[in-house]
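Below you'll find the structure, written out as structure tokens, and then a few comments.
In the working numbering, the protein residues as written are 48 to 231.
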């Protein structure tokens, strides 16, 4: 059976049987992570470009001045091979550090995106619940008798009662009297 992504990370190993980066503890990565991120952050600033420009300018000026003043013994003559070697070395270290910092930022962005998705799902569920509750309240309110409706019904009943009393003769109602005498 292959150990793919469905296998928990505790059982999986990286290339050459080493632990994967995600399995390392916080202490294993903290110093290197801080150095890589601060280096990448510094290399992405205008301050780094300014200092690098000053360094290259001083290097070239010093070599040209020494060539003219000392004759033919500058430490890095015109094609500036040593300067190119230093640039290559710096680039060979900078590229992996920048890539590492970008990977860490991608991990952070992925966690933030997942938290945003979870928050959006909770918000959507809350909104749907509130929408259902408002719809239920609208239905309940539409079935309630309004004050004007109750008044008109009472007026209609009062008019009907007045009409019945006006139509009937003024005889006393013996229904209640018979019920009282039957109870005694």
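Here a beta-carbon is modelled for each residue, glycine too, at the ideal position from N, C-alpha and C.
Quiz item: So, are the CB atoms of residue 141 and residue 99 less than 7 Å apart?
Solution: Using a Cβ distance threshold of 7 Å, residue 141 and residue 99 do not count as a contacting pair.
Quiz item: What number of angstroms, rounded off, separates the C-alpha of residue 113 from the C-alpha of residue 150?
Solution: Rounded to whole angstroms, residue 113 to residue 150 spans 45 Å at the Cα level.
Quiz item: Is DSSP giving residue 143 helix, strand or coil here?
Solution: Three-state result, residue 143: helix.
Practice problem: Grab me the residues of residue 83's own chain with a C-beta within less than 6 Å of its C-beta, minus the 5 sequence neighbours each way, in chain order. | Solution: Closer than 6 Å at the Cβ level, and outside the excluded window around residue 83, lie 144, 147 and 148.
Quiz item: Just how far apart, CA to CA, sit residue 184 and residue 170?
Solution: Looking at the two C-alpha atoms, the distance is approximately 21 Å.
Quiz item: Of the choices 187, 130 and 94, whose alpha-carbon is the least far from that of residue 104?
Solution: When the alpha-carbon of residue 104 is set against those of 187, 130 and 94, the nearest one is in 130.
Practice problem: Classify residue 87 as buried or exposed, calling it buried when 16 or more other Cβ atoms lie within 10 Å of its own Cβ. | Solution: Buried, by the Cβ-count rule.
Practice problem: Go ahead and pull the three-state DSSP assignment for residue 186. | Solution: If DSSP states are grouped into helix, strand and coil, residue 186 belongs with the helices.
Quiz item: If you draw a straight line from the alpha carbon of residue 79 to that of residue 101, how long is it in whole angstroms?
Solution: Their backbone Cα atoms lie some 28 Å apart in a straight line.
Quiz item: Taking the C-alpha atoms as reference points, what is the distance between residue 117 and residue 128?
Solution: The straight-line gap from Cα to Cα measures roughly 19 Å.
Quiz item: When DSSP labels each residue in this structure, what does residue 120 get in the three-state scheme?
Solution: When secondary structure is reduced to three states using DSSP, residue 120 falls in the coil class, being assigned neither helix nor strand.
Self-check item: Coil, strand or helix - residue 83 by DSSP
Solution: Annotated three-state conformation of residue 83 is helix, per DSSP.
Self-check item: Local Cβ density within 10 Å of residue 207, reported as buried at 16 or more and exposed below that
Solution: Classification for residue 207: exposed.
Quiz item: From residue 77 to residue 85, what distance separates their C-alpha atoms?
Solution: Cα-Cα distance, rounded: 12 Å.
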